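**Q** Submitted below is the structure of interest, expressed as structure tokens.
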Amino acid sequence: MRDKEIFALIEEEKTRQTTGIELIASENYASPEVISAMGSILTNKYAEGLPGKRYYGGCEVVDKIEQLAIDRLCKLFGATWANVQPHSGAQANAAVFLACLNAGDKILGFDLSHGGHLTHGSPVNFSGKLYEAHFYGVNKETGRIDYDQLEKIAKKERPKLIICGASAYSRDWDYQRIRKIANEVEALVLADISHPAGMIATKLLNDPLDFCHIVTTTTHKTLRGPRGGVIMMRDNIKNPFGLRWKNGNLKSMGALLDAAVFPGIQGGPLERVIGAKAVAFNEAMSTQYSDYMKRVKSNAKIMSELLIEKGYDIISGGTDNHCMLIDLRSKNINGKDAEEILGKVDITVNKNMVPFDTESPFVTSGIRIGTAAITSRGIHSEMIPQIVSMIDRSLMNSTNEKSLSDIKSEIHETMSPLPLFQW
Ligand code: DSN
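The sequence shown begins at -12 in the numbering used here and counts up by one.
Below, the structure is given as structure tokens:
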């Protein structure tokens, strides 16, 4: 029996992914091996618990798979403890909150409207409903994190947890400064590196594990693995303050985090996804992946420079990583319209709030762009000017249907010959 409807739709989605230009900063194309592990018979197995400590029989093979995933992740990031079971980045963050905080405790995160993430204290998310959330943002002039403001709020509010990391921030983070502030107010530091994880693993950006007590990441963005999350720590991190970090001891903090993942917030782990995570971590330790990350970074840099040349306003004036946030107010277009116009020519982006936005989250003044996915398809630096030109021509001729149709054909011709994934 074959489900014709669903498999026809999967083919339709494959055509969409193949013919268009994917610029959503959080997306990527996983390797055939990652996808094969994800679509494997590992989906048949229940394995509540941890390797060697399960609540079900028959776990001897999945134990080896999960342990390999843990070991490879630790090697990739130089971590000494990891949990690879979170089903997503949001779940990873929820587990950290459950392990480290009591309901009502104060947290301090990066403002969602400045580029932060829902799970860092937004009022519509569990993190803002269960905890008392405070926020820092970017400096209006520089578009960069305002560490002085962060320090001021931390000293005033004395949060239990300071969260760094973002969904739409193109600059590197000063983890050392954040840890110094956290020490002064006796807070734990969580770095959510979901977006730049691959660049951190390949040492193209500062290393949060040097200074942050706990690090979470998704595995499907720059890391290019299956959809999922992980939690990590490194044992040089000592914490005398965290009320629930028993004895300042990494081992007992690890036990608290393990228990927060399961049975705290999740049931059985997805061993097929954990197997695919292990495949992706192995790939991320290769020189080909390091080269890929360097190309993602240089493609983003070239793209931001070319957009600036065409009069686009990039928040903070450029990028250190794979993404950039464009304030479209100087072009008299809002984010919603830009997303729709680019969608007509099969360039996929997402509308995004810009710092100090004057539009609502449903309209927004900006779009976010990232180069991880197109670089996986083999887009090299010489092709970036053409992509920037196609973006600009679409936005500038948005009411000219003929022009949009020509651009769409150009995009299909450029992208269709490229495989979905190539090293
Ligand atoms: N939705 C992800 C992103 O686009 O950045 C974050 O969860």
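Backbone N, C-alpha and C fix where the C-beta goes; we use that ideal spot for every residue, glycine too.
Remember, it's a predicted structure, so these values are computed and weren't measured experimentally.
Name the DSSP bridge partner or partners of D179?
**A** Answer is T203.
**Q** Would you mind reading off the limits of the beta strand (DSSP E) that contains L312?
**A** L312 -> beta strand (DSSP E) spans C310 to D314.
**Q** Excluding five sequence neighbours on each side, which residues of the same chain lie with their C-beta closer than 6 angstroms to the C-beta of I168?
**A** For I168, where only same-chain residues beyond five positions count, the Cβ hits under 6 angstroms are E138 and A141.
**Q** Mind the definition here: the segment 121 to 136 touches the segment 86 to 106 only if three or more C-beta pairs lie below 8 angstroms; say whether that holds.
**A** Segments in contact, yes.
**Q** Whose CB is closer than 5 angstroms to a heavy atom of ligand 2? List the residues in chain order.
**A** In the structure on display, ligand 2 does not appear, and the ligands it does have are ligand 1.
**Q** How long is the line joining the alpha carbons of L29 and L88, rounded to whole angstroms?
**A** Roughly 34 angstroms separates the two Cα atoms.
**Q** Over the uninterrupted beta strand (DSSP E) stretch that includes R337, give me the two end residues.
**A** A quick correction: the sequence has Asn, not Arg, at residue 337. Where N337 is concerned, the enclosing beta strand (DSSP E) stretches over N337 to N339.
**Q** Return helix, strand or coil for N384, following the three-state DSSP convention.
**A** The answer is coil: DSSP assigns N384 none of H, G, I, E or B.
**Q** What are the residues that DSSP puts in a beta bridge with W68?
**A** Paired residue(s): M220.
**Q** For A82 and M219, I'd like the C-alpha separation in whole angstroms.
**A** Each residue's alpha carbon lies about 12 angstroms from the other.
**Q** Closer than 8 angstroms is the cut-off here; do at least three beta carbon pairs connect the segment 389 to 396 with the segment 319 to 336?
**A** Counting Cβ pairs under 8 angstroms, three or more are found: they touch.
**Q** If I measure Cβ to Cβ from G412 and keep anything under 6 angstroms in the same chain, skipping five residues before and after, which residues do I get?
**A** No answer is possible for residue 412: the residues shown for the chain start at -12 and end at 410.
**Q** Hey, would you say G251 sits closer than 8 angstroms to L382, going by beta carbons?
**A** Taking 8 angstroms as the Cβ cut-off, G251 and L382 do not qualify as a contacting pair.
**Q** Reducing DSSP to helix, strand and coil, say where Y16 ends up.
**A** Coil, per DSSP.
**Q** Quick one, which of D194, L191 and K147 has its alpha-carbon nearest E171's?
**A** It is K147.
**Q** Sort Q409, A69, L63 and F408 by Cα distance to K238 and report the nearest one.
**A** The residue with the shortest Cα to Cα distance from K238 is A69.
**Q** Could you give the first and the last residue of the continuous alpha helix (DSSP H) run that contains C87?
**A** Where C87 is concerned, the enclosing alpha helix (DSSP H) stretches over G76 to C87.
**Q** Given a threshold of 16 other Cβ atoms within 10 Å of its Cβ, counted over all protein chains shown, does G262 qualify as buried or as exposed?
**A** Flag for G262 reads buried.
**Q** Anyone know if the C-beta pair for N321 and L315 falls short of 8 angstroms?
**A** Contact: yes.
**Q** Cβ atoms of L63 and A265: under 8 angstroms apart, would you say?
**A** No. Outside cutoff.
**Q** Within a Cβ cutoff of 6 angstroms, which residues of the same chain sit near L117, ignoring the five residues on either side of it in sequence?
**A** Once the five neighbours on either side are set aside, the close Cβ partners of L117 are A90.
**Q** Exposed or buried, which one is A135 when buried takes at least 16 other CB atoms within 10 Å?
**A** Going by the sequence as given, residue 135 is Asp instead of Ala. So D135 ends up on the exposed side.
**Q** My parser needs the alpha helix (DSSP H) runs of 4 or more residues fully inside the segment 233 to 312; what are they?
**A** 237 to 246, 258 to 271 and 274 to 296, all fully within the segment 233 to 312.
**Q** Taking the Cβ atom as the reference point for each residue, do T274 and S291 lie within a distance shorter than 8 angstroms?
**A** In this structure, S291 does not lie closer than 8 angstroms to T274 by Cβ.
**Q** Considering only their Cβ atoms, is the gap separating T209 from A359 smaller than 8 angstroms?
**A** It is a contact, given that the beta carbons lie within the stated cut-off.
**Q** Suppose you measure from the CA of R166 to the CA of L405; what does that come to, to the nearest Å?
**A** Each residue's Cα considered, the two are about 44 angstroms apart.
**Q** First and last residue of the beta strand (DSSP E) that includes R355?
**A** Run containing R355: G353 to G357, per the beta strand (DSSP E) assignment.
**Q** Would the segment 285 to 302 count as touching the segment 48 to 66 if we require 3 or more Cβ pairs under 8 angstroms?
**A** Counting Cβ pairs under 8 angstroms, fewer than three are found: no touch.
**Q** Can you have a look at K143 and say buried or exposed, based on whether 16 or more other CB atoms are within 10 angstroms of its CB?
**A** Flag for K143 reads exposed.
**Q** Distance, Cα to Cα, H182 vs M(-12)?
**A** Approximately 40 angstroms, taken between the alpha carbons.
**Q** With a floor of 4 residues, list each alpha helix (DSSP H) that falls wholly inside the segment 145 to 173, ordered by position along the chain.
**A** You should have 162 to 172.
**Q** Span of the beta strand (DSSP E) holding K(-9)?
**A** Unbroken run through K(-9) is the alpha helix (DSSP H), K(-9) to T6; no beta strand (DSSP E).
**Q** Go to A188, then tell me how far its alpha helix (DSSP H) extends in each direction, as first and last residue.
**A** Start and end: A184 to A188.
**Q** Within a Cβ cutoff of 6 angstroms, which residues of the same chain sit near H399, ignoring the five residues on either side of it in sequence?
**A** The residues are T6.
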